[in-house]
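Everything below concerns the one structure shown next.
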Amino acid sequence: MVEEESLRVVRCGGSELNFRRAVFSADSKYIFCVSGDFVKVYSTATEECVHILHGHRNLVTGIQLNPNNHLQLYSCSFDGTIKLWDYVDGILIKTFTVGCKLHALFTVSRPEDSVFVIINKEKPDIFQLVSVKLPKSSSQELEAKELSIVLDYINQSPKCIAFGNEGEYVAAVRDFYLSVYFFKKKTTSRFTLSSSRNKKHSKNNFTCVACHPKEDCIASGHMDGKIRLWRNFNDDKKYTYTCLHWHHDMVMDLAFSVTGNSLLSGGRESVLVEWRDAAEKNKEFLPRLGATIEHISVSPAGDLFCTSHSDNKIIVIQRNLEASAVIQGLVKDRSIFTGLMVDPRTKALVLNGKPGHLQFYSLQSDKQLYNLDIIQQEYINDYGLIQIELTKAAFGCFGNWLATVEQRQEKEAELELQMKLWLFSKKTQGFILNTKINMPHEDHITALCFCNAEKSEQPTLVTASKDGHFKVWILTDDSDIYKKAVGWTCDFVGSYHKYQATNCCFSEDGSLLAVSFEEIVTIWDSATWELRCTFCQRAGKIRHLCFGRLTCSKYLLGATENGILCCWNLLSCALEWSAKLNVRVMEPDPNSENIAAVSQSSVGSDLFIFKPSEPRPLYIQKNISREEVQWGVFVPRDVPESFTSEAYQWLNRSQFYFLTKSQSLLTFSTKSPEEKLTPTSKQLLAEESLPTTPFYFILGKHRQQFLNETSKNELVQLPLTENIPAINELLHTPAHVLPPASFLCSMFVNSLLLSRETESAKEIPEDIDMEEEKESDDSDEENDFSEKVQDTNDPDLGEDIIHQLSKAEEKELRKFRKVDYSWMASL
Amino acid sequence: MAAAERGAARPTGDNRTSRRRRRRREHCLRTSGLEPGALPGQSMRARAHVWPGRREAGAARGMGEFKVHRVRFFNYVPSGIRCVAYNNQSNRLAVSRTDGTVEIYNLSANYFQEKFFPGHESRATEALCWAAGQRLFSAGLNGEIIEYDLQALNIKYAVDAFGGPIWSMTTNPSGSQLLVGCEDGSVKLFQITPDKIQFERNFDRQKRSTIHKMIVDRQYMGVSKRKCIVWAVAFLSDGTVISADSAGKVQFWDSATGTLVKSHLITNADVQSIAVADQEDSFVVGTAEGTVFHFQLVPVTSNSNEKQWVRTKPFQHHTHDVRAVAHSPTALISGGTDTHLVIRPLMEKVEVKNYDAALRKITFPHRRLISCSKKRQLLLFQFAHHLELWRLGSTVATGKNGDTLPLSKNADHLLHLKTKGPENIICSSISPCGSWIAYSTASRFFLCRLNYEHDNISLKRVSKMPAFLRSALQILFSEDSTKLFVASNQGSLHVMQLVEGSFKHLHAFQPLSGTVEAMCLLAVSPDGNWLAASGTSAGVHVYNVKQLKLHCTVPAYNFPVTALAIAPSTNNLVIAHSDQQVFEYSIPDKQYTEWSRAVQKQGFHHLWLQRDTPITHISFHPKRPMHILLHDAYMFCIIDKSLPLPSDKTLLYNPLPPMNESDVVRRRTAHAFKISKIYKPLLFLDLLDERTLVAVERPLDDIIAQLPPPIKKKKFGT
């Protein structure tokens, strides 16, 4: 179907939503945030991603509403362009090429044709705030080369720049000073705080700045948690400031409300503080926001705030300080110990999330599905505290069981270790803690794996530890007189010459267990727990171990630290082949015999796909990432691809995802990034023609009845505007792409004619039947449909969607019609 | 190192002493070598202070050493500040304390406390204000309005307002009328006449117009408003009324409509005091938590005329209630229960960032409360209402430089002499021989004879004091204890001959015609021939005691004299002024000495001139005529006149090179000022004999421990 293009590494979601301040649309309906190379448009009410604005070729570093047209959005990027978008339709209007890396973007209403950006032209760490004159022209691609420096030697972060009093001055902070540039006077004032030489003021560094929207007042945040409100700063001598101090650690961001009556601040405490009237005693808190507040933004309408958090989350907060929506991306705050896993039920990617949590992340919708609290302890956010870390996790028995290991080591001798086993509850659709094992081993657990064989009668778990043992845990009956219960107990403890156990792995049918003890691989019979044979290659400690699958199940693969990949034949108990490869990640594909190995060299990481049966790789992709690849996983596809090219066949049934050291989640794709957009987001456009609440239907019906009763001779019954595609199209298409009104007029009048009504009424039952059919096999259909939509960008696209929607609504309407509302008449 | 022995500590009688976790050392004796480099930077608890002797002299005598009596049993607690009033014309500050004492600080003269009026038990001041012509009035709970005579340093008159206790008082802007608010709710208006005040009218509390009037004249009063007490109000010329209340709010009202304009909740405790700057662009409030908040009128935006009051900086210099605040053009002044007077300059108002821009904290009076009998090793401590006589402990032990010596005999509390009557003691003195004690209150002069019979002491009051000796500002005994010099508040000096058990009035030096200025400082030469006396502004007069006539007058200097002393053999008069200048004036030659001229020519070290507490005592070493010993509250210093003066480039403090440097280097880097900051706050330091020093310290923690507990505040992280 799809013509094969070259396979490339693409970033697949999970990018930082908290990189820059989120921006609200003028009506507070949408919230924009940068996300890697894209700008995402979320609905503040439903938390859904409505649009993804893609066009930038590098990290988007700033977004701002066009102050002169609030339906447009400016964005800037490291690729050196400023783009103007129509965010309602997700259309790129203009591209201004500046040329150098843009670090942040600011817009002001006064000089209409210029925006401000942060660039670093000469030296790598010297940044300037420059104003860019945007040329006026009708063409889409423009060059904006007219730059003029406003402030030099500023901080890179846009949090350290703020425009005040409708663009009359700009305040910038860096280290220990605040500079204010007045555009009218063209002067810069600089106010310096006593610096680190004084012990008492050692943490006086500025961290962020905000300007009062109405008054000449600058708020600055500091390292020691203080907020200073500067006034009279147009006078170098008579300037004065007030201190507000509640935060005990650095102030991460500040924002004034639209009226300027209150100031919002946030820091590492994860508490949003609202200072009313800038008074120290008059403050409100919104605590327990989960993670460090990185950014705060305020909607221009004044009804919403939003905070971006370090755990890649955006919380939309109402004016009364109630959180109303949470937009959660892939949590990448901390290091990933558990590696990448795939939940067999939801096909979600599972990895370390918030501290002490396991996150379930949907790769399709780039959204966090679920957060499982493993450690179940209050997280105290402070430097220097040694936290309990979730180090290992594994799914077993088709997602019925989850095993987790957490550890905390304050000193060398004081290891706290806990293993938890969680059972999936069908009733609650979540994991419930079943067994908690304190100190399952004497030392760090290096590996754990479930026996995932289909015919195994008893769930079995194996843990390998540095203390030289591996333990087999089985599920046993734990019932007592009170209730029937099951629990996990240790069944067998194995060891091999006091070597540290480093890896363990079950064969596909579960009959064999391979445990590696440093350089030696031991094979155990899982029925009797007898040592069957050992392999020793003397090529360094075993780093990865896995059995071959399907036709290759007679092979065992091991990768050593010295860069040797070995393949043993279990039938002959001999080394089949070995290759010199410094393997960092080795992952078997659950749906095929393929095994992916990522090797690390000085220039970058290379990917090798091979079958254990033959030492020649199926596919090699050189230099998939400059950084070290830390984890990788095969995620089974819902719909198999059909790559005909032999080289890409390994991607047909599963997709390979990998995580680099800087925690970017990458995958392989042949499609262009535009095609990856899911169709659902486009359908959400119709959300504006809101509220189809039950009350709406009741009222509508009531009104209809009333009309019918009173004026039976007047047969004119206006059709619902939503049901007429022409009107819908008229209302939803942006004005600048509509044909002239004279052309539309006849169409509009025609649409109001009654003759069509009977036809549409006939169509309804047919449509519903069709939909019912569709539902049965929609998983396949939907995907095809999505591809079609993206491939063909023809004009009847909009109509298609609307048509479908009206069907959905009709269906709902029918549902309501069935309900007896006769009681309403009696009211 | 031996453990210090506890002095005969008097129980404090205070149950808060448990707060002092610290081991108190009431008195200890230590040796102190003259080699300063011996203990560089050691953090021993009892580190010796070290005195460099001249190398030449030291070589002859071996290592010179001082034994230091480190006295900490002077249980002095200053009383809390009740009112503060600032006078812009003279740049003087009047401070009244809870015991009724009124002190006048000259802000131009390095914040020197140049005058004081002793307190009176029944005269608790509640209000203090300056009127036109720099006249100072106070009013208090006894219902009297008092005017002070700032020249003669006594009370000019007291007028009863007949309205019960007076809670508040203010003048009209021109300073010609005085308005008092009384307990009975009436407000009384007085006209200030050139020599008195005259009652003019009475505003009754019922009339609406009078309430308005009260506000207009910046009255403050106790008005209860739903359990919330308005502690202070201020009326601005634009009609804004600012109120400070017990709920911790500072509120702005429109006086025309009586509506609340803006409210600032600044503290959880009471806001007790308010003071507005003359320009009405800033004001200051003091709270019960010890915080002082500054409010400023700032423009809302740079291009509009609209202005708003903004709370700007908080200052936490107090631990207790800030009962009184004042706003000078360049500084915020606050005082309260914790007895400190804090002067916080406003940086934006200070033209040059010199030492005037530094924070001043005045705790101790700028005069001596301690006198010492060298012969008997006695210390006389002066309190508000009693005197204490202590005998210093002694030791037989010897030790190395820096050692703390064990006391073989503890310090002895010999005498507790309580005054009769409600008045505070103005001054006191013990004769060098230890057998006479003289003290004075505002209305009576007392002279007592002490008899020592082994351990028993008997005190005999000398009666029949002459009628002219009613009150004294300063009392001094001659070195041989045969003469008594009394500076009375009429400006005259009396010389009395002391004979066994009685006395004889020899002479009275009358003030120069036309001056009524009181003499506050006296000094007598050790040979008893010369008497130097100084007032607050005019020069120092030197009298010949033998011939009983004025010998000469040292030319007047701009700054008041803070300490006087006459050197033993040379009869050089050493004068210290509040700007830290030290002059040496030869009495026989009637001119400044060569050294003094040289000092003036070169000028003092800038760090020396930046010191902010006045020199309160000067003394001399009997065997080393080139040395002048002087001290202020935070250091004591030996000026060695034979060494070169330090230039601004050299280090003033700790200029001594380490021991291992060669003599040449040591001599080259040595300069005349040897400064020690070991004892602080230092209230008194003198030489008992050639080898013994006595230093009286009063640690601030001990004072705080005797104050009522402050308002508990939660401190983050504790």
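So the protein sequences, as listed, match chains B and Z. Residues 1 to 827, numbered by my numbering, are exactly what the first sequence covers, in order. Residues 1 to 718, numbered by my numbering, are exactly what the second sequence covers, in order. Ideal placement from N, C-alpha and C gives every residue a C-beta, glycine not left out.
Exercise for the section: Buried or exposed for L753(B), please, with buried defined as at least 16 other CB atoms from any protein chain shown within 10 angstroms of its CB. Expected result: exposed
Handout entry: Buried versus exposed, by CB contacts within 10 Å (16 or more), H544(B)
Key = buried
Handout entry: Residues that V310(Z) contacts on chain B, provided the C-beta gap is smaller than 7 Å
Key = R231, T242
Practice task
Starting from E215(B), find everything on chain Z with Cβ-Cβ shorter than 7 Å and list it in chain order.
Solution key: V300, T301
Practice task
Use the C-beta contact count for Y432(Z): other C-beta atoms within 10 angstroms, 16 or more gives buried, fewer gives exposed.
Solution key: The amino acid occupying residue 432(Z) in the given sequence is Pro; Tyr does not appear at that position. It counts as buried.
Practice task
Check whether the Cβ atoms of D278(Z) and N88(Z) lie closer than 8 Å to each other.
Solution key: yes
Problem - Proximal residues, the stretch 263-285 of chain Z versus chain B, C-beta separation under 8 Å - result: H264, L265, I266, T267, N268
Exercise for the section: Check whether the Cβ atoms of R123(Z) and G143(Z) lie closer than 8 Å to each other. Expected result: no
Handout entry: 8 Å Cβ cutoff, K313(Z) in contact with chain B
Key = yes
Problem - Any beta strand (DSSP E) of 3 or more consecutive residues that is wholly inside the stretch 277-324 of chain Z - result: 282-287, 291-299, 307-316
Handout entry: Short CB-CB distance (under 8 Å) between K713(Z) and chain B
Key = no
Problem - Whole-angstrom distance between K623(Z) and R691(Z), CA atom to CA atom - result: 10 Å
Practice task
Please confirm if A501(B) has its CB atom under 8 Å from at least one CB of chain Z.
Solution key: no
Problem - Exposed unless 16 or more other CB atoms sit within 10 angstroms - verdict on R556(Z) - result: Looking at the sequence shown, residue 556(Z) is not Arg but Ala. With fewer than 16 Cβ atoms within 10 Å of its Cβ, A556(Z) is classed as exposed.
Practice task
Below 8 Å on the Cβ atoms is my guess for K590(Z) versus C552(Z); work out the distance and round it to an integer in Å.
Solution key: 5 Å
Practice task
Compare the C-beta of N234(B) against all C-beta atoms of chain Z and say whether one is closer than 8 Å.
Solution key: yes
Handout entry: Among D373(B), G399(B), F360(B), Q364(B), the one whose alpha carbon lies nearest that of R345(B)
Key = G399(B)
Problem - Chain-ordered neighbours of A279(B) on chain Z, where CB pairs are closer than 7 Å - result: H264, L265
Handout entry: For A533(Z), three-class secondary structure by DSSP
Key = strand
Exercise for the section: Pick helix, strand or coil for P158(B), following the three-state DSSP scheme. Expected result: helix
Practice task
Consult DSSP for L700(Z) and reduce its assignment to one of helix, strand or coil.
Solution key: helix
Handout entry: Backbone CA spacing between K715(Z) and P708(Z) [nearest angstrom]
Key = 19 Å
Practice task
Within 10 angstroms of the Cβ of P612(B), are there 16 or more other Cβ atoms? Answer buried if so, exposed if not.
Solution key: buried
Handout entry: Under 7 Å (Cβ pairs) to chain Z, residues found in the stretch 438-472 of chain B
Key = none
Practice task
Determine the chain B residues that contact F684(Z) at a beta-carbon separation under 9 Å, and present them in chain order.
Solution key: The premise fails here: F684(Z) is roughly 33 Å from chain B at the closest Cβ pair, so nothing lies under 9 Å.
Problem - Per-residue DSSP class, three states only, for K811(B) - result: helix
Exercise for the section: Just the C-alpha distance for L65(B) and T107(B), rounded to the nearest angstrom, thanks. Expected result: 8 Å
Handout entry: Interface residues of chain Z facing H222(B) [CB-CB closer than 8 Å]
Key = Simply none; closest approach about 15 Å.
Problem - Exposure of I620(B), with buried meaning 16 or more beta-carbon neighbours within 10 Å - result: exposed
Practice task
Whole angstroms is fine: what's the gap from Q308(Z)'s alpha carbon to A384(Z)'s?
Solution key: 47 Å
Handout entry: Closer than 9 Å at the beta carbon, the chain Z residues around H248(B)
Key = F716, G717
Exercise for the section: Check whether the Cβ atoms of L513(B) and W488(B) sit closer than 8 Å, and answer yes or no. Expected result: no
Problem - Extent of the continuous alpha helix (DSSP H) run through C745(B) - result: 741-752
Exercise for the section: On a CA-only basis, which of K426(B), D443(B), I595(B), F431(B) is nearest R413(B)? Give me that one, please. Expected result: For the sequence presented, residue 413(B) should be read as Ala rather than Arg. Closest option to A413(B), Cα to Cα, is D443(B).
Practice task
For chain Z, find out if any of its Cβ atoms is closer than 8 Å to the Cβ of K436(B); answer yes or no.
Solution key: no
Handout entry: In DSSP terms, what K262(Z) is bridged to
Key = F252(Z)
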